[in-house]
Each structure stands twice: as structure tokens, then as C-alpha cells.
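Asker:
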Amino acid sequence: MTEDPRPRGSQEPLDTAYDVALLDLDGVVYLGGTAIPGAAEALRKAAAAGMRLAYVTNNAFRTPAAIAALLTGFGAPASPQDVVTSAQAAARLLAERLPAGAPVLVIGGSGLRMALRERGLRPVSTASDQPQAVVQGYSPDVSYSMLAEGGLAVAAGALFVASNGDLTLPSRRGRQPGNGSLIQVVATATGVQPLVAGKPEPPLHRESVLRTGARHPLVVGDRLDTDIEGAHRVGTDSMLVLTGVTGPAEAVAAPPSQRPTYLAEDLTGLLEPHPEISVEDGAFGCRGWTARMRGDQLELDGDGERIDGLRALCAAAWNPDPAAAGSGFQAALQSLER
Numbered sequence: 331m332t333e334d335p336r337p338r339g340s341q342e343p344l345d346t347a348y349d350v351a352l353l354d355l356d357g358v359v360y361l362g363g364t365a366i367p368g369a370a371e372a373l374r375k376a377a378a379a380g381m382r383l384a385y386v387t388n389n390a391f392r393t394p395a396a397i398a399a400l401l402t403g404f405g406a407p408a409s410p411q412d413v414v415t416s417a418q419a420a421a422r423l424l425a426e427r428l429p430a431g432a433p434v435l436v437i438g439g440s441g442l443r444m445a446l447r448e449r450g451l452r453p454v455s456t457a458s459d460q461p462q463a464v465v466q467g468y469s470p471d472v473s474y475s476m477l478a479e480g481g482l483a484v485a486a487g488a489l490f491v492a493s494n495g496d497l498t499l500p501s502r503r504g505r506q507p508g509n510g511s512l513i514q515v516v517a518t519a520t521g522v523q524p525l526v527a528g529k530p531e532p533p534l535h536r537e538s539v540l541r542t543g544a545r546h547p548l549v550v551g552d553r554l555d556t557d558i559e560g561a562h563r564v565g566t567d568s569m570l571v572l573t574g575v576t577g578p579a580e581a582v583a584a585p586p587s588q589r590p591t592y593l594a595e596d597l598t599g600l601l602e603p604h605p606e607i608s609v610e611d612g613a614f615g616c617r618g619w620t621a622r623m624r625g626d627q628l629e630l631d632g633d634g635e636r637i638d639g640l641r642a643l644c645a646a647a648w649n650p651d652p653a654a655a656g657s658g659f660q661a662a663l664q665s666l667e668r
């Protein structure tokens with residue numbers, strides 16, 4: 331039986347339909363260190379409805395305590411125990427492969443070092459310390475000397491692990507180089523690609539489920555290639571928000587492995603039921619909008635909330651041929667901006 335490719339509806343609000351929200355941070359709760367309007371209030375309401383909140387981030391730079399302090403400063407409910415980082419997932423991955431007390435060379439910041447110590451591993455800084463592994467995570471202070479030491483250690487046979495593979499980081503100024511870009515320095519110099527702990531790879535999701543005890547989690551993110559693909563890889567439902575990297579055009583063009591279960595403008599999508607997408611005579615309807623394919627073009631008619639129009643468009647574009655829409659949906663997207 332073929333899985334229905336349409337965005338799913340939910341008769342009850344998502345904050346009661348799921349027990350834990352596994353929330354990405356940058357682009358979902360805040361953007362470049364500035365709170366996204368309405369995000370903290372939505373999270374407080376979701377928590378009051380009984381949904382547990384877990385903040386799951388590919389960023390390995392900050393410690394859980396520092397991230398929790400940032401979130402509470404925005405008014406979001408958070409404690410260090412609610413934060414799960416790719417540094418923690420990388421540390422577990424290493425601890426499962428190395429003996430207790432093994433030296434690990436760190437290319438990154440305090441978040442990585444703390445996570446390693448919590449797992450009984452010993453952070454070091456130079457190849458002369460004969461590390462058994464090298465772990466690399468984003469830090470604005472990553473220097474050539476760090477990369478050089480890491481490259482020497484990997485070339486000498488150390489296991490190479492990356493906290494995450496995000497090529498870019500969202501910011502108010504635009505997309506900036508992320509850890510996925512920086513790890514290519516060592517990878518190119520040594521010919522060794524790292525094991526990756528963060529999204530979309532399964533270790534971070536596994537770490538999040540172990541820490542929260544989630545039975546029916548919902549992944550919430552702004553990136554198709556990390557948050558949503560990561561949810562697909564472990565069979566978890568997901569909600570895409572449009573407050574970060576992914577925009578409507580990318581959502582419509584998403585390949586099957588990156589299509590979210592639900593679409594929402596922002597975190598208020600946790601607090602609401604989600605409409606069912608109707609289909610009749612090849613037309614896909616969502617509230618006041620109707621989308622259909624005509625040849626290789628997507629057409630959208632109607633009026634109402636932008637997100638409902640996008641839900642209808644995605645249903646038409648995703649069903650049944652993932653390549654059917656081609657590039658012929660720009661005119662339809664313009665209808666959402668009327």
C-alpha cells in the first residue's frame with residue numbers, strides 16, 4: 331500500500347496528539363540569537379496542554395545549561411535537562427566505540443568538551459596527545475591550528491566524528507558556513523569522511539528519545555535536509571515551520587524523503603488541529619484553497635490563510651509524481667502573497 335503523500339490532518343491539536351515535541355532551535359525558536367515572535371508563548375501553551383518539550387539542536391557549541399538560559403531569557407520553558415545537543419549524541423557515539431578515559435581531540439568549543447567528560451572521555455587539543463578519535467563541532471573560534479591538529483590525528487588513524495553536517499547556519503544576515511562546511515577541511519586533507527551524529531543521521535534522534543522517554547514524538551524543524559529528513563529516517567512524524575531556512579518554494583519541491591507530516595507558519599501550529607486535505611477530480615483542497623496540476627504547471631485558486639494554500643499546493647505537487655511539478659509552480663506561489 332502506497333503511503334498517502336499529502337500533508338496530514340489532525341482533528342486534535344498536535345500538543346495533545348503527541349507526547350513530546352523534539353524541537354529544533356535556530357530558525358524555530360530563535361533566529362541568530364533573536365527570539366522568533368510568538369514562539370515562547372506557543373511553547374508555554376503547548377507545555378500547559380501536557381506536551382513535553384525537548385530542544386534538539388545540531389549546534390554543538392553551547393552547553394545545555396547555556397542553551398536553557400538563553401531560552402528562559404526569551405520566556406520559553408526550559409531546563410538543561412530539556413536540551414539535547416549533537417555534542418551529546420557525538421559523545422555517546424564515541425563512548426560506545428572507545429574505552430573509558432580515551433583521549434579525544436576536540437575541534438570545537440565547550441559544549442563538545444563537556445559532553446565528552448560526561449561520557450567518561452578525555453578531551454585533548456593536539457595530535458601529540460595521541461587521541462583515539464577526533465570530534466568536530468561548530469564554534470566561531472575554530473582556527474587553522476585546531477583543524478591542522480585534527481587533520482594530523484585523523485591521518486594517523488584516529489576515528490573521525492562530526493557533531494553534525496549542516497552546510498550553513500541561518501542568521502539575520504543570511505546563511506553562513508556551518509559545521510558541514512568546516513569538516514570538509516579535515517576530510518579533504520585526509521581523504522577520511524567523518525561519522526556524523528547530528529540530524530539527519532539517527533544518533534541525535536536516538537539520544538533525544540532515550541533522554542525524554544518519548545513514545546509518540548513529533549519532530550519540529552525549519553530545515554528539510556536535517557530536521558524533516560531525520561524524522562523520515564527513524565519513522566517519526568514531523569512538522570515544518572516557515573520561520574527559518576525553508577520557504578514555500580522548497581516545501582513544494584521537497585523530495586519524498588524530506589516531506590513533512592504537517593506544515594505550519596510557526597510554532598502556533600502545535601496548538602491547533604490541522605485540516606484534512608480533500609481530493610476530488612484531481613484537485614486538492616484545503617479550506618478556501620484548491621490546487622491542481624495542469625500539464626507540468628501547478629495552479630492555485632482561492633483565498634484564505636497562506637499556510638492552507640501551501641498545504642493544498644504541496645498535496646498537488648507531491649501526488650503522485652515527485653517530479654511532476656518541475657519548476658512550474660512559481661505563479662501558483664505568487665497567489666499566496668496576494
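For the sequence shown, my numbering gives the first residue as 331, with consecutive numbering after it.
Built from N, CA and C at the ideal position, the CB exists for glycine as well.
Being a predicted model, the structure only gives us computed values, none of them experimental.
1. Extract the residue ranges of the alpha helix (DSSP H) inside the stretch 547-578, only unbroken runs of 4 or more that lie entirely within it.
2. Please report the straight-line C-alpha distance between residue 487 and residue 401, rounded to a whole angstrom.
3. Which of the three DSSP states, helix, strand or coil, is assigned to residue 623?
4. For a quick check, are the C-beta atoms of residue 390 and residue 493 less than 8 Å apart?
5. In the DSSP assignment, find the unbroken beta strand (DSSP E) run with residue 671 in it and report its ends.
6. Can you give the Cα-Cα distance for residue 510 and residue 641, rounded to whole angstroms?
7. How would you write the range of the alpha helix (DSSP H) that residue 418 sits in, first residue to last?
8. From residue 607 to residue 646, what distance separates their C-alpha atoms?
9. Could you give the distance in angstroms between the alpha-carbon of residue 562 and the alpha-carbon of residue 615?
10. Opposite residue 463 in the DSSP bridges: which residues?
11. Where do the ends of the alpha helix (DSSP H) carrying residue 610 lie?
12. Compute the distance between the beta-carbons of residue 528 and residue 574, then report whether it is under 8 Å.
13. Once DSSP output is grouped into helix, strand and coil, what is the label at residue 522?
14. Tell me the residue span of the alpha helix (DSSP H) that contains residue 539.
15. According to the Cβ coordinates, are residue 345 and residue 370 closer than 8 Å?
16. Pop quiz: residue 544 and residue 350 are said to be a contact at Cβ under 8 Å. What is the actual Cβ separation, rounded to whole angstroms?
17. On the DSSP bridge assignment, give the partners of residue 599 in chain order.
18. Any heavy atom of the ligand MG closer than 7 Å to the CB of residue 403?
19. Once DSSP output is grouped into helix, strand and coil, what is the label at residue 506?
20. Look at residue 429 and residue 460 and say whether their C-beta atoms are less than 8 Å apart.
21. Since residue 382 is in the beta strand (DSSP E), which residue starts that stretch and which ends it?
22. In terms of residues, what are the limits of the alpha helix (DSSP H) holding residue 344?
23. Select from 508, 539, 532 the residue whose C-alpha is nearest the C-alpha of residue 413.
24. The beta strand (DSSP E) with residue 615 in it runs from where to where?
25. State the start and end residues of the unbroken beta strand (DSSP E) segment that holds residue 351.
26. Does the separation of the CB atoms of residue 439 and residue 458 fall below 8 Å?
27. Can you check DSSP and say which residues form a bridge with residue 593?
28. With respect to the beta strand (DSSP E) encompassing residue 452, which residues constitute its N-terminal and C-terminal limits?
29. On a CA-only basis, which of 445, 532, 585, 521 is nearest residue 644? Give me that one, please.
30. From the DSSP output, in three-state form, read off residue 356 for me.
31. Using only CA atoms, which one of 448, 355, 347 lies nearest to residue 408?
Answerer: Walking through what the data contain:
1. Listed in chain order, they are 559-564.
2. Position 157 of the sequence shown holds residue 487. Position 71 of the sequence shown holds residue 401. Near 40 Å, if we compare the C-alpha coordinates of residue 401 and residue 487.
3. The count along the sequence shown starts at 1 and reaches residue 623 at position 293. In the structure shown, residue 623 sits in a strand (DSSP, three-state: E or B).
4. Along the sequence shown, one-based indexing puts residue 390 at 60. Along the sequence shown, one-based indexing puts residue 493 at 163. Cβ atoms of residue 390 and residue 493: closer than 8 Å.
5. This structure cannot settle anything about residue 671, because the visible part of the chain is limited to 331 through 668.
6. As a position in the sequence shown, residue 510 is number 180, starting the count at 1. As a position in the sequence shown, residue 641 is number 311, starting the count at 1. Each residue's Cα considered, the two are about 31 Å apart.
7. As a working mapping, residue 418 is identified with position 88 in the sequence shown. Under the DSSP assignment, residue 418 falls in the alpha helix (DSSP H) whose first and last residues are 416-425.
8. Locating residue 607 in the sequence shown gives position 277, counting from the first residue. Locating residue 646 in the sequence shown gives position 316, counting from the first residue. So the two alpha carbons sit approximately 10 Å from each other.
9. Along the sequence shown, one-based indexing puts residue 562 at 232. Along the sequence shown, one-based indexing puts residue 615 at 285. Computed Cα separation, rounded: 25 Å.
10. Residue 463 sits at position 133 when you count from the first residue of the sequence shown. Paired residue(s): 434, 489.
11. By one-based count along the sequence shown, residue 610 stands at place 280. Not the alpha helix (DSSP H): residue 610 falls in the beta strand (DSSP E), residues 608-610.
12. Here the question's residue 528 lines up with position 198 in the sequence shown. Here the question's residue 574 lines up with position 244 in the sequence shown. Remark: C-beta atoms of residue 528 and residue 574 do not approach each other more closely than 8 Å.
13. Against the sequence shown, residue 522 aligns to sequence position 192. Collapsing the DSSP output to three states places residue 522 in coil.
14. What you label residue 539 is simply residue 209 of the sequence shown in a count that begins at 1. Taken as a continuous stretch (DSSP letters only), the alpha helix (DSSP H) holding residue 539 covers 532-542.
15. Locating residue 345 in the sequence shown gives position 15, counting from the first residue. Locating residue 370 in the sequence shown gives position 40, counting from the first residue. Not closer than 8 Å, so no.
16. Here residue 544 refers to the residue found at position 214 when the sequence shown is read from its first residue. Here residue 350 refers to the residue found at position 20 when the sequence shown is read from its first residue. Taking 8 Å as the upper bound for CB-CB distance, residue 544 and residue 350 are in contact here, some 4 Å apart.
17. Taking the sequence shown and counting its residues from 1, one reaches residue 599 at position 269. Looking at the DSSP output, residue 599 bridges to nothing.
18. Questions concerning the ligand MG fall outside what the structure shown contains, since it holds no ligand whatsoever.
19. Looking up residue 506 in the sequence shown gives position 176. Strand.
20. For this step, residue 429 is matched to residue 99 along the sequence shown. For this step, residue 460 is matched to residue 130 along the sequence shown. Contact flag unset, no.
21. Counting from 1 along the sequence shown, the entry for residue 382 is found at position 52. Counting along the chain, the beta strand (DSSP E) containing residue 382 begins and ends at 382-387.
22. As a working mapping, residue 344 is identified with position 14 in the sequence shown. Its alpha helix (DSSP H) spans residues 344-347.
23. Residue mapping note: residue 413 aligns to position 83 of the sequence shown, counting from 1. Ranking the options by Cα distance to residue 413, first place goes to 539.
24. Taking the sequence shown and counting its residues from 1, one reaches residue 615 at position 285. DSSP places residue 615 inside the beta strand (DSSP E), whose first and last residues are 613-616.
25. As a working note, residue 351 is residue 21 in the sequence shown. That run of the beta strand (DSSP E) goes 350-353.
26. Along the sequence shown, read from residue 1 onward, the residue named residue 439 stands at position 109. Along the sequence shown, read from residue 1 onward, the residue named residue 458 stands at position 128. For the pair residue 439 and residue 458, the CB atoms are not nearer than the 8 Å cut-off.
27. As a position in the sequence shown, residue 593 is number 263, starting the count at 1. 570, per the DSSP bridge assignment.
28. Locating residue 452 in the sequence shown gives position 122, where the first residue counts as 1. Annotation for residue 452: the continuous beta strand (DSSP E) segment containing it runs 452-454.
29. In the sequence shown, the residue the question calls residue 644 occupies position 314. When the alpha-carbon of residue 644 is set against those of 445, 532, 585, 521, the nearest one is in 585.
30. Along the sequence shown, read from residue 1 onward, the residue named residue 356 stands at position 26. In the three-state reduction of the DSSP assignment, residue 356 falls in the strand class, which pools E and B.
31. Within the sequence shown, the letter at position 78 stands for residue 408. Checked all of 448, 355, 347; the closest Cα to residue 408 is 355.
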